[in-house]
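Report on the following structure.
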Amino acid sequence: MIPNYYQFYCPVKILSGHQAVSNIPFEMELLGCKKAMLVTDKGVVDAGLIDIVKTAFADSDREIGYIFDEVPQDSSNRIVNKLAKLFVKEKCDCFLAVGGGSSMDTAKGANVVVSEGSDDLLKLQGVENITKDLKPMIAIPTTAGTGSEVTKAAVVYNEEENVKMAFLSDKLYPDVAVIDPRMTLSLPPKMTAATGMDALTHAIEAYTCLQKNPIDDVFAKVAIDLIRRYLVRATEDGKDKEARIGMANAALLAGIAFSNSNVGMVHSLAHASGSVCHVPHGVANAILLPWVLEYNLDEVPEYIAEISGALGSSVEYLEPRDQGQVTISLVRNLLTRLNQVSGLPTRLSDAGVTEDDLPAIAQAAINDGAHTYNPRDLTYDVALETLKKAF
Amino acid sequence: MDIDIQKGMARIRGIPNYPVIQSKAKYALLDISLSTLAAAFEEVAKRVPEFKAEIAGWNDGRRFAVGVLPKGPYITLEKRGDMTHYLGKGLLSPDVTFLFKNLDSGVLVFTGLMSSHQAVAECRALVKGNIGYAMELNRALAIVETYLFPGIILKRIFKEPPKLSSAQLITKGKVYGALLPALIRQMV
């Protein structure tokens, strides 16, 4: 399908593979930077991953000016504003985000505050509201899911209003994404499974929602194919370097796809589940994805059917609706397999959600912007019904 | 026939200052459309219970605007009690704003040729301000559009077109009846 109109943009330089981290000081030189603000979380520090980055700087005239390791599971406006102040105080000239989506989005948020000369991120939320050029940013993912290393999005938790805020701007693309297999080897099985399902959700929503386009379709399909090959392998054996680099690339490709094609209703429900019950984003996406595909099947059966091949369907191609059901079954099978090998929850009730929470999640979901791009409407009743099915 | 049309269009494009005239015509069309939308927001708020329910959770004094970049036209409205009040043309300190990137994109949506969600999907429109407010405004706007546009356009612009009851159709008639006097009041 050729859309009536579409846009595609991805200005990120990608370094992927063996010892990619070692090239960071050289990339900083190309970017004209000398002193990096390293943004990470305590889990990444404890796993020894920052030592790999520090080693890369050992024989360089570039330096890590400050290590900010206070990023929580869900980045917040308070943490972003604190980081922005530190960046200025420490006279850093670029951001080096090492971690999952939260670390990268915290760095993006702080970069916006610093570059816009603002004192509060809340004043700048929305779409394309960032006008100033941002400081250079290098992103090193330690999970394979968020894709934030190649996206123009940042999601930050608003502590005052208890909602996740979305920031979308072409200025938010990092300058460099560094995919080094060493950085994801220590990811525990359950988190490997959850973040991998996050990447799968990015790819499938990019392929099936309203902003899909031929360029992103390519990225999305290859991402789905890599996830089929490597997600279970990486979850079963975290030291499998081929599977790790495969999943890191899958997450990156899915990130490029959804940065341009956007996501849909799964993400609205997952953001809301995160805001209300603090369900990890990947876990919520994994649980909700098959239920939302079922809801969307009537509207976009061809698109849902078309990804069955990338997911490993060996069934002779059926009518779109039936083939779409094959896709949904394959997603469910993957989720079940990941549950067996890692304990990834398959129901919201296993992920810390109570039945009493469902109305609040439904209400938060309809105010989330992601479902604008969903092929079918997300009303309060639809949200509640879907959540009940997934409960 | 096609060649005749093309020749006719070429003649029209050859009129001196055609780009300026075309741009002014589009601006005028959007100015009238936005004024009508503002009036519809006020009249629907007076009569439609589901609209009142939708804005019940909004903070009093919340301002929202709709307009076209870079030079307008724009309209700004404000929520007070269970009503929405038109404050006037221009961007009057809105909390959330729907903006079309250019006149052509605005014309596509306001003539019913394209839905607002399709305009967003095609990167023709953007939001400034709180995304949660924008989603709430979008639902309120959908109710206004339901009472403003005829069924044939609703089928085109909604993902799932609403089905109106007899009582709602009568209300729609009343909204239509009130729109012209409201527009005249705006001008006076």
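These protein sequence lines are chains G and A, in that order. Following our numbering, the numbering of the first sequence begins with 12 at its first residue and continues without gaps. Following our numbering, the numbering of the second sequence begins with 4 at its first residue and continues without gaps. Ideal Cβ positions, reconstructed from N, Cα and C, are used throughout, including at glycine. If you're wondering where the values come from, they're calculated on a predicted model, not measured in any experiment.
Could you say which of the options lies nearest to residue i if we only look at CA atoms?
i, options, result
"A/A170", "A/V51, A/I6, A/Q9", "A/V51"
"G/Y314", "G/R332, G/F178, G/T246", "G/R332"
"A/R127", "A/E163, A/N133, A/A143, A/V110", "A/V110"
"G/D116", "G/A165, G/K65, G/Q84", "G/A165"
"G/L94", "G/Y77, G/Y391, G/I238, G/A31", "G/Y77"
"G/E74", "G/K96, G/D52, G/E38", "G/E38"
"G/D368", "G/V167, G/D72, G/G285", "G/G285"
"G/K182", "G/K232, G/V124, G/K399", "G/V124"
"G/G156", "G/L308, G/M208, G/P83", "G/M208"
"G/K232", "G/K146, G/V364, G/S126, G/F269", "G/F269"
"G/S87", "G/I377, G/K119, G/E127, G/F106", "G/K119"
"A/T114", "A/A13, A/L157, A/A185", "A/L157"
"G/L346", "G/T219, G/C288, G/A204", "G/A204"
"G/R358", "G/G111, G/S113, G/W302, G/V187", "G/W302"
"G/Y184", "G/V23, G/D379, G/T212", "G/V23"
"A/Y179", "A/I160, A/P165, A/L151", "A/L151"
"G/N122", "G/S180, G/H282, G/N173", "G/S180"
"G/D80", "G/V290, G/D52, G/V187", "G/D52"
"A/L40", "A/I173, A/H88, A/L167", "A/H88"
"G/I215", "G/L132, G/M276, G/S126, G/D251", "G/M276"
Give me the Cβ distance between residue i and residue j, rounded to the nearest whole Å; I'm assuming they're in contact under 8 Å.
i, j, result
"G/R240", "G/G257", "6 Å"
"G/A58", "G/S159", "Wrong, their Cβ atoms sit about 19 Å apart, outside the cutoff."
"G/Q222", "G/N273", "5 Å"
"G/L280", "G/A394", "6 Å"
"G/A108", "G/D236", "Actually they are not in contact, since the Cβ atoms of G/A108 and G/D236 sit about 28 Å apart, beyond 8 Å."
"G/F106", "G/K146", "6 Å"
"G/I13", "G/P312", "Not a contact, Cβ separation roughly 19 Å."
"G/S353", "G/K201", "4 Å"
Mapping the DSSP letters down to three states, classify residue i as helix, strand or coil.
i, result
"A/V191", "coil"
"G/S87", "strand"
"G/F79", "strand"
"A/Y136", "helix"
"A/V117", "The sequence shown places Met at residue 117 of chain A, rather than the Val named in the question. Note: A/M117 maps to coil in three-state DSSP."
"G/I318", "coil"
"A/G75", "coil"
"G/T246", "helix"
"A/T109", "The sequence shown places Gly at residue 109 of chain A, rather than the Thr named in the question. Helix, per DSSP."
"G/H289", "coil"
"A/Y150", "helix"
"G/H29", "coil"
"A/A59", "coil"
"A/Y179", "helix"
"G/A69", "coil"
"G/T142", "coil"
Per DSSP, residue i is paired with what?
i, result
"G/A105", "Before going on, a small fix: residue 105 of chain G reads as Cys here, not Ala. According to DSSP, which records beta bridges pairwise, G/C105 is partnered with G/A47."
"G/K400", "None; G/K400 has no bridge partner."
"G/A165", "G/F178"
"A/V69", "A/I78, A/F101"
"G/E74", "G/K46"
"G/I238", "None; G/I238 has no bridge partner."
"G/I149", "G/L107, G/V187"
What's the C-alpha gap between residue i and residue j?
i, j, result
"G/A373", "G/G43", "47 Å"
"G/V294", "G/V50", "24 Å"
"G/A262", "G/P152", "10 Å"
"A/G176", "A/P73", "35 Å"
"A/L95", "A/E57", "23 Å"
"G/A31", "G/I25", "10 Å"
"A/Q189", "G/Q136", "33 Å"
"G/S71", "G/F19", "36 Å"
"G/F402", "G/D191", "37 Å"
"A/L33", "G/E247", "59 Å"
"A/L80", "G/C103", "43 Å"
"A/E45", "G/V99", "48 Å"
"G/V167", "G/T365", "24 Å"
"A/I18", "A/I6", "19 Å"
"G/V326", "G/I318", "13 Å"
"A/K104", "G/P83", "36 Å"
"G/N15", "G/V138", "21 Å"
"A/E139", "G/T390", "11 Å"
"G/E396", "A/V147", "26 Å"
"A/K162", "A/M117", "11 Å"
"G/G128", "G/V91", "14 Å"
"G/T338", "G/H278", "19 Å"
"G/N350", "G/P356", "6 Å"
"A/A137", "G/A376", "13 Å"
"G/G54", "G/I63", "14 Å"
"G/T66", "G/P36", "11 Å"
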